[in-house]
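To start, the structure itself, in structure tokens.
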């Protein structure tokens, strides 16, 4: 009797342990769905993938000992986003899809299947990868509100606003991370189910790439309190109980805060804003675009990105700056050379033409000098003919 009781307790403990280690399914929604087998990835590597897609992770660290570095880096490279080229134009950057990470807590077999069935109809028949050791709800809150704060987190985002990258009430940049509890918030679950087709439509158009993380209900009580291996260390300076007195130092007065200016010396409309504030890539009206950008710094016009000539406004509205050229010396009129402008608010001078002119001229000069030096060497190394001394005789 005691033996059977012990076996039963051990079996129940094993079932509880296996349930607590139920993996989290991760779907990465892009224009071209992944067709490779679904691997199981440690939470530390998944953390780097999420951060890298949101543009907040620059250095890969905190890799677990259960996976080698090369394999971890290959996962980050495959499931992350490609880094932007160093000299990429601002127009190309604004054309890149926005990035959304949604952590769905309390994913049960019933509610999770309802959403995954919708994904399966669009070609996402299996998760992109699985998180082998999903952490607790506390870890999700710390990850969203602390580690991804720079990505543009908004705690008051509705599901409909989070799924629309053109909604300025929620999106302040080109990346967003939110979390919803499907078990405790029935309205959020219903909204997710209703908004998923609209989300997939934006993904198919290339306007958005979304990462959906289905956290199992069993992970809510997990003992893993962080997505990283250990808790972030907040270092503090230790002071002695006795106060330390120092002689006052004669410090120079603080210089006045410099206002940022464009290449033409004019103050930028965003100069007084916080340096952490991102310039929106889209405005909902032409008036807001003109006001916020200062008429595109006086070097362009605000136009609707999706407007069709002769057909009025499209279903989506996205006003942004279209840069134009200006006269270098306006008093000379058409005889004046032109200055071309670029940047998100047309505040940067386009120097691509002088650059390529100087580069091409330098290449031509280097080639000409190299040819001349090679020609001199080839002439100097030629053998003299043997008939030069044939007509010379020794005098007697």
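Numbering (mature numbering (1 follows the signal peptide of the UniProt record, and there is no 0)), first residue to last: -18 to -1, 1 to 378. Glycine is no exception: its CB is placed at the ideal position from the N, C-alpha and C atoms.
Under the three-state reduction of DSSP, residue 329 is assigned to coil, being neither helix nor strand. Annotated three-state conformation of residue 7 is strand, per DSSP. The alpha-carbon separation between residue 110 and residue 19 amounts to approximately 8 angstroms.
Under the three-pair Cβ rule at 8 angstroms, the stretch 280 to 287 counts as touching the stretch 261 to 271. Leaving aside the five residues that flank residue 267 on each side, the residues in its chain whose CB is nearer than 7 angstroms to its CB run, in chain order, 301.
With a 10 Å radius around the Cβ and a threshold of 16 neighbouring Cβ atoms, residue 333 comes out exposed.
If you draw a straight line from the Cα of residue 173 to the Cα of residue 165, it is about 13 angstroms long. The residues 185, 191, in chain order, have a CB closer than 7 angstroms to that of residue 12 in the same chain once the five nearest residues on each side in sequence are set aside. With a cutoff of 9 angstroms on beta-carbon distance, residue 83 and residue 6 are scored as not near each other. The continuous alpha helix (DSSP H) containing residue 179 extends over residues 168 to 187. Annotation: the continuous alpha helix (DSSP H) that includes residue 102 extends over 91 to 103.
Per DSSP, residue 288 is not a residue of any beta strand (DSSP E), being assigned neither H nor E. A direct Cα-Cα distance of roughly 24 angstroms separates residue 167 from residue 129. For residue 30, the uninterrupted alpha helix (DSSP H) segment begins and ends at 25 to 35. Spanning the alpha carbons of residue 315 and residue 309 requires a straight line of approximately 7 angstroms. For the set 188, 121, 265, 125, the Cα lying nearest the Cα of residue 204 is the one of 121. Assigned with DSSP and collapsed to three states, residue 53 falls in helix.
Of the residues 45, 298, 79, the one whose Cα lies closest to the Cα of residue 63 is 79. Each residue's CA atom was taken as its position, placing residue 324 and residue 279 some 10 angstroms apart. Secondary-structure assignment with DSSP links residue 309 through a beta bridge to 320. Per DSSP, the unbroken beta strand (DSSP E) holding residue 198 starts and ends at 190 to 198. The continuous beta strand (DSSP E) containing residue 157 extends over residues 157 to 163.
In the three-state DSSP reduction, residue 304 falls in the strand class (E or B). In the DSSP assignment, residue 353 falls within the alpha helix (DSSP H) that extends over 334 to 362. Between residue 209 and residue 26, the beta carbon gap of about 7 angstroms places them in contact (Cβ cut-off 8 angstroms). Per the C-alpha coordinates, the member of 307, 182, 319, 101 positioned closest to residue 330 is 307.
When rounded, the separation of the alpha-carbon atoms in residue 126 and residue 118 is 13 angstroms. Spanning the alpha carbons of residue 4 and residue 31 requires a straight line of approximately 20 angstroms. In this structure, residue 156 sits near residue 37, with a CB-CB distance shorter than 9 angstroms. Taking 8 angstroms as the upper bound for CB-CB distance, residue 142 and residue 108 are not in contact here, some 27 angstroms apart. Nearest to residue 116 by alpha-carbon distance, out of 93, 144, 23, 33, is 23. A Cβ-Cβ separation of about 6 angstroms places residue 106 in contact with residue 15 under the 8 angstroms criterion. Less than 9 angstroms divides the Cβ of residue 87 from the Cβ of residue 202. Exclusion of the five residues before and after residue 161 leaves 84, 85, 86, 87, 122, 123, 126 as the residues of its chain whose Cβ lies within less than 8 angstroms of its Cβ.
Measuring C-alpha to C-alpha distances from residue 104 to each of 357, 328, 10 identifies 10 as the nearest. 9 angstroms or more divides the Cβ of residue 154 from the Cβ of residue 8.
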